[in-house]
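Protein chains in written order, with the numbering used here: chain A, 183 to 295; chain B, 157 to 269. Here a beta-carbon is modelled for each residue, glycine too, at the ideal position from N, C-alpha and C.
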Amino acid sequence: DAGVTQSPTHLIKTRGQQVTLRCSPKSGHDTVSWYQQALGQGPQFIFQYYEEEERQRGNFPDRFSGHQFPNYSSELNVNALLLGDSALYLCASSLEGGGYEQYFGPGTRLTVT
Amino acid sequence: AQSVTQPDIHITVSEGASLELRCNYSYGATPYLFWYVQSPGQGLQLLLKYFSGDTLVQGIKGFEAEFKRSQSSFNLRKPSVHWSDAAEYFCAVGVYNFNKFYFGSGTKLNVKP
Numbered sequence: 183d184a185g186v187t188q189s190p191t192h193l194i195k196t197r198g199q200q201v202t203l204r205c206s207p208k209s210g211h212d213t214v215s216w217y218q219q220a221l222g223q224g225p226q227f228i229f230q231y232y233e234e235e236e237r238q239r240g241n242f243p244d245r246f247s248g249h250q251f252p253n254y255s256s257e258l259n260v261n262a263l264l265l266g267d268s269a270l271y272l273c274a275s276s277l278e279g280g281g282y283e284q285y286f287g288p289g290t291r292l293t294v295t
Numbered sequence: 157a158q159s160v161t162q163p164d165i166h167i168t169v170s171e172g173a174s175l176e177l178r179c180n181y182s183y184g185a186t187p188y189l190f191w192y193v194q195s196p197g198q199g200l201q202l203l204l205k206y207f208s209g210d211t212l213v214q215g216i217k218g219f220e221a222e223f224k225r226s227q228s229s230f231n232l233r234k235p236s237v238h239w240s241d242a243a244e245y246f247c248a249v250g251v252y253n254f255n256k257f258y259f260g261s262g263t264k265l266n267v268k269p
């Protein structure tokens, strides 16, 4: 049973560019949350997707957007990249009504130069 | 506003010694509390969670945590630390029916031989 997978593992982008990160949830999970973890910090909640809709959002600008597909996989898009967007982006999946345990992927390390 | 505070950035303990990691939260309603562990290059793994009931909860790898409402705390403990416990530990609170999570900034644990 595959856990949460994320791609790519590492990514280097230039300021102003756009990036798309991908996440496949653990088998059977229907909810996906995205987090940004800056170096030396705890994860910060970006947003959560359920039934292909964003249902909760953290304090992130509209440059951060997402999508959930019918197979529950998800994408995180970041437009107009800033140096401060450099971080580890974590995806977590869970099952609605399933005890609320989140399973985290290994993350995508984004570096903005 | 909701927040999670982990006052200790780094802690060093000797192998075999006991461990207590501190966590304080700020949330107006009943909190749903979690402890996660993150090893270098890995995603977060859930150690234990508190929703309600018994205020002393047992988790994996011999960890336990005690919820103290009067102190707004959820400290993590282990009676005897192993070298493999060296990692970073994060406390988190779930709000809005678990649709949003707040993490502390983490405590990095070093274990001396």
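Helix, strand or coil, according to DSSP, for residue i in the structure here?
i: Lys-208/A; result: coil
i: Arg-233/B; result: strand
i: Ser-268/A; result: coil
i: Ile-216/B; result: helix
i: Gln-200/A; result: coil
i: Ser-240/B; result: helix
i: Gln-227/B; result: helix
i: Glu-278/A; result: coil
i: Val-186/A; result: coil
i: Ser-256/A; result: strand
i: Thr-186/B; result: coil
Please list, in chain order, the chain A residues whose beta carbon lies closer than 7 angstroms to that of residue i.
i: Asn-255/B; result: Gln-230, Arg-237, Gln-238
Along the chain, where does the beta strand (DSSP E) containing residue i start, and where does it finish?
i: Tyr-232/A; result: 226-232
i: Arg-237/A; result: 235-239
i: Lys-224/B; result: 220-224
i: Gly-250/B; result: 243-251
i: Ile-194/A; result: 192-195
i: His-166/B; result: 166-170
i: Glu-283/A; result: Looking at the DSSP string, Glu-283/A is not in any beta strand (DSSP E), and its letter there is neither H nor E.
i: Arg-245/A; result: Neither: Arg-245/A is in no beta strand (DSSP E) and is coded neither H nor E.
i: Tyr-181/B; result: 180-182
i: Thr-263/B; result: 263-268
With a cut-off of 8 angstroms, does the C-beta of residue i fall near any C-beta of chain B?
i: Phe-246/A; result: no
i: Pro-190/A; result: no
Distance cutoff 8 angstroms, beta carbons only. Does residue i sit that close to anything in chain A?
i: Leu-212/B; result: no
i: Lys-205/B; result: yes
i: Phe-223/B; result: no
i: Gln-227/B; result: no
i: Phe-259/B; result: yes
Does the beta-carbon distance from residue i to residue j come in below 8 angstroms?
i: Asn-255/B; j: Gln-223/A; result: no
i: Val-249/B; j: Pro-187/B; result: yes
i: Val-294/A; j: Leu-265/A; result: yes
i: Ala-243/B; j: Ser-195/B; result: yes
i: Gln-219/A; j: Leu-292/A; result: no
i: Leu-204/B; j: Val-193/B; result: no
i: Tyr-285/A; j: Ser-256/A; result: no
For chain E, is any of its Cβ atoms less than 8 angstroms away from the one on residue i?
i: Glu-283/A; result: Note that chain E does not occur in the displayed structure, where the protein chains are A and B.
Determine the chain A residues that contact residue i at a beta-carbon separation under 9 angstroms, and present them in chain order.
i: Tyr-188/B; result: Tyr-282
What residues of chain B sit near residue i, judged by a beta carbon separation below 9 angstroms?
i: Leu-193/A; result: Simply none; closest approach about 16 angstroms.
Could you work out which residues of chain B lie near residue i, taking near to mean beta carbons separated by less than 8 angstroms?
i: Gln-223/A; result: Ser-261, Gly-262
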